[in-house]
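Take a look at the structure set out below.
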Amino acid sequence: MKLIMAVIQDKDSNRLSEALVGQDFQATKLASTGGFLKAGNTTFMIGVQDKDVDMVLSIIKENCQAREQLVAPISPMGGNADSYVPYPVEVQVGGATVFILPVEQFEKF
Amino acid sequence: MKLIMAVIQDKDSNRLSEALVGQDFQATKLASTGGFLKAGNTTFMIGVQDKDVDMVLSIIKENCQAREQLVAPISPMGGNADSYVPYPVEVQVGGATVFILPVEQFEKF
Amino acid sequence: MKLIMAVIQDKDSNRLSEALVGQDFQATKLASTGGFLKAGNTTFMIGVQDKDVDMVLSIIKENCQAREQLVAPISPMGGNADSYVPYPVEVQVGGATVFILPVEQFEKF
Ligand code: NI
Ligand code: NI
Ligand code: NI
């Protein structure tokens, strides 16, 4: 058995939860901040059989992989009009940092 | 040494803390949600000597094991009287999902 | 690779974050309470190459080690004047409990 600790962005959290549940994997979410990813993040703790590690990694990759996103320009509300960019810009969102830990013993009470 | 990660229900959290402290085991609680257990949950992180793993598992089992509980009927406040059950019902509460992880090195500063 | 789980006091959290980032180490902070340390605490989760474990442990020790601190006397606001100590007292602050876990696989998406 393995314990997968995956740090992902908050915005991908619901989507990942649903994808995991849809494949009958159970995850516990730990409130986490800062670090591996710039924006707010969540740490998923997922216990899996050895044979299922690759499938869970695929699910994480599919739902959380870092990608570019177009962000609409925000009008400079009484701000510095010099820095105003009047067209959408691409920003990177998402991403996952994943540790697969060995489990010596597993119990359910 | 081992690191025990135990996901339990919030309602059993205080009782487990006291039982662990009473046997001189120290635990750190991580705020967690969803997943292994339906209701609100807490993840206990407990560092133990190899020889103490079984005792800590017994304490977790004794204080958190899934069990039936009688719940008094709630009167249907302006609700659907058809679905009102006028006698106590049994619901399952508690439960623990426990991972025992190997520790390569332990330090206290 | 190793996953370092370090439980430290909240008051040392910002200082440790900055020291780690200053050496290009990334950490995720988990909200945690009670246990290993009396006061409010935070759990740092730090993924490191085997060769960097000792350096990260040094950084944790340097920024979080248990130490004495002088606390100014608090005047007994309408309280029990008998227990009032009119000079600074030393209290112990800080401290770190650190688990180094083996990592079987590491992925970044
Ligand atoms: Ni296994
Ligand atoms: Ni050991
Ligand atoms: Ni390694």
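Sequence order for the protein chains is G, E and D. Quick note on numbering: my numbering labels position 72 of the first sequence as 72, and the sequence is numbered without any gaps. Add 1000 to a position in the second sequence, counting from 1, and you land on the number used in my numbering. Add 2000 to a position in the third sequence, counting from 1, and you land on the number used in my numbering. The beta carbon of each residue, even a glycine, is placed where N, CA and C say it ideally should be.
When rounded, the separation of the alpha-carbon atoms in residue 44 of chain G and residue 8 of chain G is 8 angstroms. DSSP, reduced to helix, strand and coil, places residue 66 of chain G outside both helices and strands of the structure shown, so it counts as coil.
Using beta-carbon distances, residue 2106 of chain D counts as an interface residue toward chain G, with a partner under 9 angstroms.
The distance from the Cβ of residue 12 of chain G to that of residue 94 of chain G is about 6 angstroms, consistent with a contact at the 8 angstroms cut-off.
Residue burial is scored here from C-beta neighbours: residue 66 of chain G has fewer than 16 other C-beta atoms within 10 angstroms and is therefore classed as exposed.
One alpha carbon belongs to residue 2018 of chain D, the other to residue 1088 of chain E, and they sit about 55 angstroms apart. The residues 2088, 2089 and 2091, in chain order, have a CB closer than 7 angstroms to that of residue 2071 of chain D in the same chain once the five nearest residues on each side in sequence are set aside. Residue 1101 of chain E places its beta carbon less than 9 angstroms from that of residue 1003 of chain E. Between residue 1047 of chain E and residue 2097 of chain D the beta-carbon gap is near 7 angstroms, inside 8 angstroms, which marks them as a contact. The Cβ of residue 1095 of chain E sits closer than 9 angstroms to at least one Cβ of chain G. At least one beta carbon of chain E lies nearer than 9 angstroms to the beta carbon of residue 2031 of chain D. In the DSSP assignment, residue 30 of chain G forms a beta bridge with G/43 and E/1032. By DSSP's assignment, residue 57 of chain G forms no beta bridge with any residue. Annotated as proximal: residue 31 of chain G and residue 1033 of chain E, with beta-carbon spacing under 9 angstroms. Using a Cβ distance threshold of 9 angstroms, residue 2109 of chain D and residue 60 of chain G count as a contacting pair. The C-beta distance from residue 2106 of chain D to residue 2001 of chain D rounds to 5 angstroms, short enough to meet the 8 angstroms contact threshold. According to the DSSP assignment, residue 91 of chain G belongs to the beta strand (DSSP E) that extends over 89-93. Residue 2072 of chain D sits in coil when the DSSP states are folded into three classes, being neither helix nor strand. Beta-bridge partners of residue 20 of chain G (DSSP): none assigned.
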